[in-house]
Structures are given as structure tokens and as C-alpha cells.
Amino acid sequence: MIFFEFAQRSIRLHWLRSLLAVLGIVIGVVAISSMGILGNSLVLSVGEALSDVGDTVVVYPHSGGFGGGPGVQTNDVITGRQVQQIERAVGANDVIPLHVGADRIKVGGEEGVAQVYGMETTDIPLLLEISEGVYLRGASGAMVGQALAETYDLDVGSRITVGDESLRVVGILAERGVGFDINPDQAVIVSDQWYTSVYGEEDYDQVIVKVRNLEDIEEVKNAIDATLNRRETVVDVFDTRMILETILETFSTISTFTTAIGGISLVVAGVSIFNVQMMSVTERTKEVGIIRSIGTRRREVMKMFLYEAFLLGFLGSAIGGILSFGGGYVALLIMLQDTAYLFAPSSLVYIPYGMLFGIGTSLVSGLYPAWKAANLNPIDALRYE
Amino acid sequence: MGDRVSTDQPVIRLDHVSKIYPLPFGDVVALDDVSLDVERGDFIAVMGPSGSGKSTLLNLIGCLDVPTEGDLYIAGRNIRELSDDELTDLRRDTLGFIFQQFNLIPLLTVRENVEYPLVLKTRRRESKGLVEKLTRRVGLEEELLSHKPSELSGGQSQRVAIARALINEPEILLCDEPTGNLDTKTGTLIMELLEEVNQQGKTIIMVTHDPRIAGYAHRTINLVDGKIA
Ligand SMILES: Nc1ncnc2c1ncn2[C@@H]1O[C@H](COP(=O)(O)OP(=O)(O)OP(=O)(O)O)[C@@H](O)[C@H]1O
Ligand SMILES: [Mg+2]
Chain A
1 MIFFEFAQRS
11 IRLHWLRSLL
21 AVLGIVIGVV
31 AISSMGILGN
41 SLVLSVGEAL
51 SDVGDTVVVY
61 PHSGGFGGGP
71 GVQTNDVITG
81 RQVQQIERAV
91 GANDVIPLHV
101 GADRIKVGGE
111 EGVAQVYGME
121 TTDIPLLLEI
131 SEGVYLRGAS
141 GAMVGQALAE
151 TYDLDVGSRI
161 TVGDESLRVV
171 GILAERGVGF
181 DINPDQAVIV
191 SDQWYTSVYG
201 EEDYDQVIVK
211 VRNLEDIEEV
221 KNAIDATLNR
231 RETVVDVFDT
241 RMILETILET
251 FSTISTFTTA
261 IGGISLVVAG
271 VSIFNVQMMS
281 VTERTKEVGI
291 IRSIGTRRRE
301 VMKMFLYEAF
311 LLGFLGSAIG
321 GILSFGGGYV
331 ALLIMLQDTA
341 YLFAPSSLVY
351 IPYGMLFGIG
361 TSLVSGLYPA
371 WKAANLNPID
381 ALRYE
Chain B
1001 MGDRVSTDQP
1011 VIRLDHVSKI
1021 YPLPFGDVVA
1031 LDDVSLDVER
1041 GDFIAVMGPS
1051 GSGKSTLLNL
1061 IGCLDVPTEG
1071 DLYIAGRNIR
1081 ELSDDELTDL
1091 RRDTLGFIFQ
1101 QFNLIPLLTV
1111 RENVEYPLVL
1121 KTRRRESKGL
1131 VEKLTRRVGL
1141 EEELLSHKPS
1151 ELSGGQSQRV
1161 AIARALINEP
1171 EILLCDEPTG
1181 NLDTKTGTLI
1191 MELLEEVNQQ
1201 GKTIIMVTHD
1211 PRIAGYAHRT
1221 INLVDGKIA
């Protein structure tokens, strides 16, 4: 195609300024892509760190004054009667009441403090996965979180002193990550019976409801709310999926925002393409006059200049696309210290994404100059020196 | 193109054509009520003092501009009724332009310059030796085909321009001072070429200041203040 040929030669003839325009697009594309990759990796890594507890409804005693919520230590409790009410409200779904406390622990000579969860031994498999040993069955004995086991060098069969009582470790839990219900990685799990007898606490600190059917989450929440909070608010009900979604949404917004900031550099690149194309049109006014006078249509002149803008954008985007791997890698290395998410498809899409934006920007920037060239008066253009 | 022109109809017809340029200090009447019939195969020289409207006349016939008043027919078609694309196609297919400054396209080689109007028309590169044939016809060495226009002499450039103007076999050639930038000897050679092209059937309208050059034409039109004298 002869107009494509024109565009190529014009770029080659003015290679220096073309190069600068291409460089602008390269930077823009790399900025958009690596920001996108970074943001997406952030979302992915957050999503993974927050273990998949989307099917859980968590009930805490209402904290009265200060907003409360997960992690806040209060004196409020959930009574056995309230647990029964919850059980009735949620039907076939599993209800897991928990005692939550903290105590000194000692392993061999090492001492420390750990979170202690007390629960019915039959409930443990519903909530937690095991990596070594067996699930706790009897009244005494303990299970420990993966991180705690590593810190204190605990194995199945090791002994651990919780408070003043010595317990045998029967199982080690699989790593679970940060959760909204419980955080067992650094904790000791004991039986309900043991907890009540040692700490003398009958009431519960938290109730977890495992919802079998994800669509029922809302219904379960409402049922608990309706049963217990009828007259006054006595419990706070959270569903972890909502919390997870809110957090992920927040991160996606941040990610979109950083990508948009990358987009600003594309705007700058667009301005540079616009400049180069305006220069090209001005310099080639006479040439436009010639080709118009010997039978080139307006649309064809327009095409010729748009091809030029497209070629600059395409070159910039192609180079930018390749460099985006590097850009994304560096961004991940600096910000997340982990480059594993670079090759996730949802990260990689930001590269063609950035490239499309690069080409789009070039075309849009080239539109007015091309239009201007196409609408030059051939007689005036011919006279132009 | 539906309405084919019958051969006895003039190939160019100006019917009371005026061209007025509106300017802040009063309108400039560049052409004033000009009527003119040009028969197929005619060779007309347009002369007149500077500013008399010669280029204006040529631009109108060349479909680069439209009359302010009156009607202008090119190959039987009233250009007032044509769209910009149709005017453009008329320039490409029916008209050939030869300029004083040659006006070759600097980005293209000589061969590409010559075949450019044909590529515009057919959308593909010429392959049947037409360019070589034309090159011979205008007296240009074939080795020059791969050169860039900037490497040519004035005479060579004008020959390339003539070849380019002829490649779509137009009915009309429009020449604005075709020898204006050439020395006398080269100018004579170019005029002999144009004379030959005319004898092969092309209608030629040529603007010139030089009475000797006008001598090659069949007849001369004198413009004074936008009127045929
Ligand atoms: N685009 C324009 N705008 C305003 N006035 C114009 C324009 N083009 C031509 N004119 C005027 O129209 C008149 C005729 O101009 P034209 O160029 O046709 O003269 P010419 O005979 O070709 O002169 P020359 O021999 O110097 O080339 C002049 O007075 C000129 O100033
Ligand atoms: Mg003139």
C-alpha cells in the first residue's frame, strides 16, 4: 500500500524526532503495564494471604462502646443459651462456639505468649486442616499452629506448657494465613472441656457459623440478627466474604488509580506524537498540495498521516510491551519483594492493555494533524515553500 | 462515469466564468466573465501580464478550485455538481499536471513518482512495463528510475513529471510555465516533447510568459485583467 510506504519513509527520514515520539509511547506503555501488573499482583497477594474463608459468618459479642469488631478484647461474652439460639436460627449449618484467650506458654526452656482457642473437639475438623499428627479427640492434649510449631520447634508428641498445665501436642495445623474468623497459625487449640476447667469460663467469646451454601450467607446473617438482636444489639455479625470483598475492592481501586497515573505519561506521549505529526504536516504541506492536485483524495491523505501516527504508536507499544515484563518485574521486586504474580494471566493482560492504549493514544493524537493535512487547500498547499 | 462525451463536444467549456477572491480591502476579480471552448487535441497557450488571472484559469480548469460564477465543463461534466472526491478523481484520471517547479514527490523514487497516479487509480503497483515504455517516450534513461527526484537535473525532472502526467492517459494536460525553470536548450527539448504528446491526441493548455514557447501552441489566448483580450 503506497500510503503506508509514505508513512514508513517519512518516519525513516525524520528518524530522530520519530524516535523521541516512540520513546514517549514506550515509557507510557511501560508505566501503564507495570502499574497494572503491580496493582493486580497486590490484589492477588492480598487475596491469597487472606485465606479463603468466604463461607463463614462470625458472631462476636456486641462491644457496647467503642466500635468493637474483630480483634478487640472485651468483657462481653456469648452465653450457651445464645449459642443455642444461633443454632436454631441457622438450621443445618455448623455452629462452632469458641473460647478465645491468651496465656503464657513454655516449651523446654523457651517461654512466650500465645493465643489459646478452646473448642469442641468434634468441631476442630470443620474449621481447621491438619498437616501432621491427628485431630485432638480427648479432653487433654493440644494442637498447635504451623508458625508456632516452627518457632518452638514443636513436633507431634512434644510437650507444651500452657499456663501451668502441661499438654501433649497431638497434631500440627496446616498454615492458614490471616483470617477474619480465627488466626490459628500462632495459636494453641485445646478442647472446650480443658479450657473451661482450667480458666473457669463457661461463656464463649466468638461463634463461627460455617455456611454450606454460599448463597445462604445473607439469610444466615439476617436470621442470627433477627433472633439475638431483636430488642437490643447483643451480638455483631460479620460475614467474611463481605470483608474480603471490601478489602479486595479497595485494593483494586488503588490498582486502577496507580494504572491511571501511569496513563498520565501516555498523555504526555500523546502530546509528543501530536507535535511530531503537526511538524510533519507543516513540513509536507507542499507535498500534500502535489499529491492532492494529481488526484489523491482527502481520505487518502488522512490515511497517510494516520498510518504514520499508527506506526509510531505501534513501534512504541511493541517495544513498550516487551520492556513491560522488565518494568513489571522491577516494580514487583521493589514493592512486593515477590515476582511470582508477574506471569498470572490477570497481570499479563495489562501488557496488551497498555499496548492498546499506546496505539490508541497515537491514533487519537494523530487525528487532528491528519485531518488538517487532508483539508488543506491544494492551491495554497502547492504554493507553500 | 455514465455520461460519455460525444467527440464533437468541446473537452473544456467555460461559460461566463468569473472568479472573485473576497478580500478585506475589496474583492479581487481574478477572472471576469470568461467564455471559452477547447476542442479535443487543441494546444492553447495562455499569456498575459502578471496578475492577469492565468494561474486562476488553469486552477479552475484543473478542478483545484470552482468558479464564483458561470459554469465550467470538463469532459462534459459540470464541475460545480461534483463532490470533492469526484473532482479529485477527475484530476487523477482526466487531467495531467505539469508545473514550473516540477513538483515531484521527494519521498518516492522516479519510478514510484511516475506510477503514482496509476497506483492511486488501480490500487496496485504497475507491472506490465508501462513505466519503462513511458520513460522511453519522454526520453528519460531507464537507469534513473531507481533514483530519487533530488538527484535529477531540471530537464530530467520535467520529463519525469510529464511521464507522471501521462500515465493514466488523461485527455487534458495542464502546464503552468513548464519551461520556466529550464535553460533555453532544455526548454526547447521539453516543448518538442509536449508538441509530440499533443500530436498523439492530448489536449494541452499551457501558461507561459515566453512568446517563443507560445509559438508551439496552435493558438494563444491573451488575458488582461481577468478578461480574454
Ligand atoms: N488565493 C487568492 N486570494 C486572493 N487573491 C488571489 C488569490 N489567488 C490569486 N489572487 C489574485 O487574483 C489575481 C490573478 O492571480 P493569478 O495568480 O491568476 O495571476 P497570474 O496571471 O497567474 O500571475 P503570474 O503571471 O504572476 O503568475 C491577482 O490579482 C492575484 O493577486
Ligand atoms: Mg501564475
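Residue numbers (this note's numbering), protein chains in the order written: chain A, 1 to 385; chain B, 1001 to 1229. We put the CB at the ideal spot given by N, CA and C, even for glycine.
Which residues bound the alpha helix (DSSP H) around residue i?
| i | result |
| --- | --- |
| Ala223(A) | 217 to 228 |
| Ala269(A) | 240 to 283 |
| Val1110(B) | 1110 to 1122 |
| Leu98(A) | Here Leu98(A) belongs to no alpha helix (DSSP H); instead the beta strand (DSSP E) covers 94 to 107. |
| Met1191(B) | 1184 to 1199 |
| Asp153(A) | First-last for Asp153(A): undefined, no H or E at that position. |
| Val330(A) | 298 to 335 |
| Asp1093(B) | 1084 to 1093 |
| Asp380(A) | 378 to 383 |
To which residues of the same chain is residue i closer than 6 Å at the C-beta, ignoring the five residues directly before and after it?
| i | result |
| --- | --- |
| Val1110(B) | Leu1144, Leu1145, His1147, Val1160 |
| Gly270(A) | Thr361, Ser365 |
| Thr161(A) | Lys106 |
| Tyr195(A) | His99, Gly118 |
Determine, using beta carbons only, whether residue i comes closer than 8 Å to chain A.
| i | result |
| --- | --- |
| Thr1122(B) | no |
| Leu1057(B) | no |
| Thr1088(B) | yes |
| Ile1105(B) | yes |
| Arg1077(B) | no |
| Glu1142(B) | no |
| Pro1024(B) | no |
| Asp1027(B) | no |
| Leu1064(B) | yes |
| Pro1067(B) | no |
| Phe1097(B) | yes |
| Val1119(B) | yes |
| Arg1091(B) | yes |
With a threshold of 8 Å between beta-carbons, can residue i be considered close to chain B, or not?
| i | result |
| --- | --- |
| Thr250(A) | no |
| Phe274(A) | no |
| Ile362(A) | Before going further, note that residue 362(A) is Ser rather than Ile in the sequence given. For Ser362(A), the answer is no, since every Cβ of chain B falls outside 8 Å of its Cβ. |
| Thr296(A) | yes |
| Leu342(A) | no |
| Phe305(A) | no |
| Arg9(A) | yes |
| Leu376(A) | no |
| Ser18(A) | no |
| Ser293(A) | yes |
| Phe4(A) | no |
| Glu287(A) | yes |
| Ile379(A) | yes |
| Ile290(A) | yes |
| Leu13(A) | yes |
| Ala373(A) | no |
Mind checking who residue i pairs with in its DSSP beta bridge?
| i | result |
| --- | --- |
| Lys1227(B) | Val1224(B) |
| Leu1072(B) | Leu1014(B) |
| Glu110(A) | Val107(A) |
| Val118(A) | The sequence as given places Gly at residue 118(A); Val does not occur at that position. According to DSSP, Gly118(A) bridges with His99(A), Val190(A). |
| Pro61(A) | Val235(A) |
| Val144(A) | Ile172(A), Val188(A) |
| Tyr341(A) | Paired residue(s): none; Tyr341(A) is not in a bridge. |
| Ile160(A) | Leu167(A) |
In the DSSP assignment, the beta strand (DSSP E) including residue i goes from what residue to what residue?
| i | result |
| --- | --- |
| Ile351(A) | It is not in any beta strand (DSSP E) - Ile351(A) instead sits in the alpha helix (DSSP H) that spans 350 to 374. |
| Ala187(A) | 187 to 191 |
| Tyr1216(B) | It is not in any beta strand (DSSP E) - Tyr1216(B) carries neither H nor E in the DSSP assignment. |
| Ala1030(B) | 1028 to 1038 |
| Tyr135(A) | No beta strand (DSSP E) holds Tyr135(A); DSSP gives it neither H nor E. |
| Phe1043(B) | 1043 to 1047 |
| Ile1204(B) | 1203 to 1207 |
Excluding five sequence neighbours on each side, which residues of the same chain lie with their C-beta closer than 8 Å to the C-beta of residue i?
| i | result |
| --- | --- |
| Leu98(A) | Tyr117, Gly118, Met119, Ile182, Tyr204, Asp205, Gln206, Val207, Ile208 |
| Gly71(A) | Confidence at Gly71(A) is low in this model, with a pLDDT of 45, below 50, so its placement is unreliable and no value can be given for it. |
| Leu128(A) | Met143, Leu173, Ala174, Arg176, Pro184, Ile189 |
For residue i, which residues in the same chain have their Cβ closer than 7 Å to its Cβ, ignoring the five residues on either side in sequence?
| i | result |
| --- | --- |
| Asp76(A) | Pro61, His62, Ser63, Gly64 |
| Tyr1021(B) | Asp1027, Val1028, Ala1030 |
| Ser324(A) | Val29, Val30, Ser33, Ser34, Ile351, Gly354 |
| Gln193(A) | Ala139 |
(Q) Run the Cβ filter for me: residues under 5 Å from any heavy atom of ligand 1, listed in the order they occur in the chain. (A) Tyr1021(B), Val1028(B), Ala1030(B), Ser1050(B), Gly1051(B), Ser1052(B), Gly1053(B), Lys1054(B), Ser1055(B), Thr1056(B)
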